[in-house]
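All remarks here apply to the structure that follows.
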């Protein structure tokens, strides 16, 4: 008899399984913040729920609490003032291991059903989550709603679907009968138990605290593991809301809520101790190369799923839609002020220019036209603020100033500060475009996180493709692109991305952008280059998080 929540959400699971099998468009959760879709009072209810957290202590009822900690600073300049429980990591680990006993007992269908219920509950809190994401990360409202809520929930659901599929391949029991000729057959009864490996540690990032957290969180949880969520110090609230909801659903279904806990700390040593604890068997991380590589090198007892820095790039050879191409690039480079792990940083353009439907465009003309396209796109303040959001960290602001100084290349378009009338203290900056030669590798061949892009002059298209491949292979990338009207160029770029193992977007001119990734269809990262050692999501992302333990006896 299956778990009642599995039956309740069976249609959602089947939809997700069908989507990952066909890679066609499908979504379980509406991406538009419409009262018609979420309820007439949902927008106001969600905002009030968010505001109710401000200046308060966020109670979670976790064991081992010894104090409170907060300190989040909103990029929009509003006072948050939320404080969170600080709990002894050893106590959280012990409580999680104890809770795993009951979690294993409900079986794969029970775990799947409860995870689906959690995601459904989180979806009903989408407006509350969206405000918390917006105010801690600096995302614009629409992105904060979509990426912070339904798109993140879809990614979590995707992980649950993959986990269920892999677990469903394992039968609970069987009778094994081996013929022995004239003698009686050998008959064994065999049972196969799916067992979580241990504690899953999920380390959040400051720019996408739900979108980048939910895949690892739900992959670990649905495969039988306890989970400790360690949020970024400036984006705790979205993680706290998530953990609170998970704990509530677990308790409602007779599961010890300490299966999932929040670990808030401002000390890297605490995170390092957690990541190397013998009970921690998986670590999910999104962030910089230094700490990510430390985790890979030191978390030897765990499987580390790491998304690190990279140099995303686009080779521009030719186009028959010049204006549309420029518009697509302008949006790509402006969205959330380039504070996305998928945003293009290097545009490789031949020294001899490119061919367009309006005739040839020189390298300098392309540089000037792209700068104008960005200025035109951001000319309306309401559009600019909706798209750019705000700068999340002081480090990003410093990188913008360095780029503006001309130290990294010729400034084609300088970044300027914008005043947001709704949030006067918001840190809003437009993109900066730099021109440089391919030989200036120290400038563009490392990630410059933020609204900073380089138009790199290469000898010709073939050199651009070769450089793209080398950049991805040596420094990593999550996205690559190409614009060309020539099939041989597209084929050459395609083969280069096979070798360097990066996703490719070809001739994007419409409403799809290279830095956007659709759940159930697009694989986010390949796990094949230095920017990430895993993909959101595939079978490899879930299958190593559980073990099958068998027992057998003579029947």
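Numbering (our numbering), first residue to last: -17 to 537.
We put the beta carbon where it would ideally sit given N, CA and C, even for glycine.
The structure displayed is predicted, hence computed values, not measured ones.
**OP:** Select from 54, 423, 354 and 431 the residue whose C-alpha is nearest the C-alpha of residue 396.
**Re:** Here residue 396 corresponds to residue number 414 of the chain shown, with the count starting at 1. With distances taken between Cα atoms, residue 396 lies closest to 354.
Original post:
Quick one: Cα of residue 398 to Cα of residue 362, how far?
Top reply: Here residue 398 corresponds to residue number 416 of the chain shown, with the count starting at 1. Here residue 362 corresponds to residue number 380 of the chain shown, with the count starting at 1. Taking the straight line from one Cα to the other gives about 14 angstroms.
Original post:
Is the segment -17 to -6 close to the segment 468 to 483, with three or more CB pairs under 8 angstroms?
Top reply: no
**OP:** Might you give, ordered along the chain, the residues of its own chain that have their beta carbon closer than 7 angstroms to the beta carbon of residue 518, omitting 5 neighbours on each side?
**Re:** Indexing the chain shown from 1 puts residue 518 at position 536. Contacts found: 137, 197, 506 and 507.
Subject >> Counted within 10 angstroms of its Cβ, other Cβ atoms place residue -7 as buried (16 or more) or exposed >> reply: The count along the chain shown starts at 1 and reaches residue -7 at position 11. It is exposed - the Cβ of residue -7 has fewer than 16 other Cβ atoms within 10 Å.
Subject >> Whole-number beta carbon distance between residue 133 and residue 29, since they are thought to touch under 8 angstroms >> reply: The count along the chain shown starts at 1 and reaches residue 29 at position 47. The count along the chain shown starts at 1 and reaches residue 133 at position 151. The Cβ separation is near 20 angstroms, so there is no contact.
Subject >> Endpoints, beta strand (DSSP E) assigned at residue 536 >> reply: As a first step, residue 536 must be located in the chain shown, where it is residue number 554. Unbroken beta strand (DSSP E) run through residue 536: 528 to 536.
Original post:
Going straight from the alpha carbon of residue 168 to that of residue 263, what length do you get?
Top reply: Reading the chain shown from its first residue, position 186 is the one you call residue 168. Reading the chain shown from its first residue, position 281 is the one you call residue 263. Rounded to whole angstroms, residue 168 to residue 263 spans 38 angstroms at the Cα level.
Original post:
For residue 209, which option in 75, 281 and 98 has the closest C-alpha, if you only look at C-alpha atoms?
Top reply: Locating residue 209 in the chain shown gives position 227, where the first residue counts as 1. Ranking 75, 281 and 98 by Cα distance to residue 209 puts 75 first.
**OP:** Please classify residue 40: does DSSP put it in a helix, a strand, or coil?
**Re:** Residue 40 sits at position 58 when you count from the first residue of the chain shown. Residue 40 falls in the coil class under three-state DSSP.
**OP:** Indicate the three-state DSSP secondary structure (helix, strand or coil) for residue 462 in the structure shown.
**Re:** Taking the chain shown and counting its residues from 1, one reaches residue 462 at position 480. The answer is strand: DSSP assigns residue 462 an E or B state.
**OP:** Would you mind working out which of 294, 430 and 170 sits nearest residue 391, comparing C-alpha positions?
**Re:** Counted from its first residue, the chain shown places residue 391 at position 409. That would be 430, whose Cα lies nearest to the Cα of residue 391.
Original post:
Given 8 angstroms as the limit, is there contact between the segment 111 to 129 and the segment 186 to 204, that is, 3 or more CB pairs closer than that?
Top reply: Counting Cβ pairs under 8 angstroms, three or more are found: they touch.
**OP:** Pull up the distance between the alpha-carbon of residue 10 and that of residue 300, whole angstroms please.
**Re:** Within the chain shown, numbered from 1, the residue matching residue 10 stands at position 28. Within the chain shown, numbered from 1, the residue matching residue 300 stands at position 318. The straight-line gap from Cα to Cα measures roughly 38 angstroms.
Subject >> Cβ-Cβ distance between residue 330 and residue 295 below 8 angstroms >> reply: Position 348 of the chain shown, counted from the first residue, corresponds to residue 330. Position 313 of the chain shown, counted from the first residue, corresponds to residue 295. Closer than 8 angstroms, so yes.
Original post:
Whose C-alpha, out of 148, 23, 103 and 77, is nearest the C-alpha of residue 47?
Top reply: Here the question's residue 47 lines up with position 65 in the chain shown. Closest option to residue 47, Cα to Cα, is 77.
Original post:
With distances taken from CA atoms, which of 142, 426, 223 and 151 is nearest residue 207?
Top reply: Within the chain shown, the letter at position 225 stands for residue 207. The residue with the shortest Cα to Cα distance from residue 207 is 142.
Original post:
By Cβ distance, which residues of its chain are closer than 8 angstroms to residue 381, with the 5 residues on each side in sequence left out?
Top reply: Walking along the chain shown from the start, residue 381 turns up at place 399. 430, 431, 432 and 434.
Subject >> Cβ-Cβ separation, residue 537 to residue 170 (assumed contact under 8 angstroms), whole Å >> reply: One-based indexing of the chain shown puts residue 170 at position 188. One-based indexing of the chain shown puts residue 537 at position 555. With a Cβ gap of about 6 angstroms, residue 170 and residue 537 count as contacting.
Subject >> Nonlocal neighbours in the same chain, by C-beta distance under 6 angstroms from residue 466, ignoring five residues either side >> reply: In the chain shown, the residue the question calls residue 466 occupies position 484. 299, 300 and 472.
Subject >> Coil, strand or helix - residue 506 by DSSP >> reply: As a position in the chain shown, residue 506 is number 524, starting the count at 1. Residue 506: strand per DSSP, three-state reduction.
**OP:** Could you say which of 123, 79 and 250 lies nearest to residue 177 if we only look at CA atoms?
**Re:** What you label residue 177 is simply residue 195 of the chain shown in a count that begins at 1. Of 123, 79 and 250, the residue nearest in Cα terms is 79.
Original post:
Per DSSP, what kind of secondary structure is residue 89 in: helix, strand or coil?
Top reply: Start at 1 with the first residue of the chain shown, and residue 89 comes out as number 107. In the structure shown, residue 89 sits in a helix (DSSP, three-state: H, G or I).
Original post:
Any idea what DSSP makes of residue 26, helix, strand or coil?
Top reply: The sequence position of residue 26 within the chain shown is 44, counting from 1. Correct three-state label for residue 26: helix.
Original post:
How long is the line joining the alpha carbons of residue 140 and residue 501, rounded to whole angstroms?
Top reply: Residue 140 sits at position 158 when you count from the first residue of the chain shown. Residue 501 sits at position 519 when you count from the first residue of the chain shown. If you take the alpha carbons of residue 140 and residue 501, they lie about 7 angstroms apart.
Original post:
Residues in its own chain within less than 7 angstroms of residue 162 by CB, not counting five upstream and five downstream?
Top reply: Taking the chain shown and counting its residues from 1, the one referred to as residue 162 is at position 180. If we look at residue 162 and ignore the five residues flanking it on each side, its Cβ neighbours are 168.
**OP:** Rank 338, 21 and 320 by C-alpha distance to the C-alpha of residue 468 and give the top, closest one.
**Re:** Stepping through the chain shown from its first residue, residue 468 is reached at position 486. Residue 338 is the option with its Cα nearest to residue 468.
Subject >> 8 angstroms contact criterion, which residue 370 and residue 319 should meet: CB distance rounded >> reply: The count along the chain shown starts at 1 and reaches residue 370 at position 388. The count along the chain shown starts at 1 and reaches residue 319 at position 337. With a Cβ gap of about 5 angstroms, residue 370 and residue 319 count as contacting.
**OP:** State the Cα-Cα distance for the pair residue 417 and residue 427, rounded to the nearest angstrom.
**Re:** Looking up residue 417 in the chain shown gives position 435. Looking up residue 427 in the chain shown gives position 445. Each residue's alpha carbon lies about 13 angstroms from the other.
**OP:** Would you mind working out which of 42, 334, 246 and 145 sits nearest residue 443, comparing C-alpha positions?
**Re:** Translated into the one-based positions of the chain shown, residue 443 becomes position 461. Considering only alpha carbons, the answer is 334.
Subject >> Cβ-Cβ distance between residue 247 and residue 185 below 8 angstroms >> reply: Taking the chain shown and counting its residues from 1, one reaches residue 247 at position 265. Taking the chain shown and counting its residues from 1, one reaches residue 185 at position 203. Not closer than 8 angstroms, so no.
Subject >> Given 8 angstroms, three or more beta-carbon pairs between the segment 301 to 318 and the segment 258 to 276 >> reply: no
Subject >> Touching by the beta-carbon criterion (3+ pairs, under 8 angstroms), the segment 49 to 65 and the segment 229 to 243 >> reply: no
Original post:
In three-state DSSP terms, what is residue 418?
Top reply: If you number the chain shown from 1, residue 418 lands on position 436. Correct three-state label for residue 418: strand.
**OP:** Kindly give me the distance between the Cβ atoms of residue 183 and residue 265, rounded to whole angstroms, as I take these residues to be in contact under 8 angstroms.
**Re:** Residue 183 sits at position 201 when you count from the first residue of the chain shown. Residue 265 sits at position 283 when you count from the first residue of the chain shown. Confirmed, Cβ separation roughly 5 angstroms.
Original post:
In three-state DSSP terms, what is residue 378?
Top reply: By 1-based counting over the chain shown, the position of residue 378 is 396. Residue 378 falls in the helix class under three-state DSSP.
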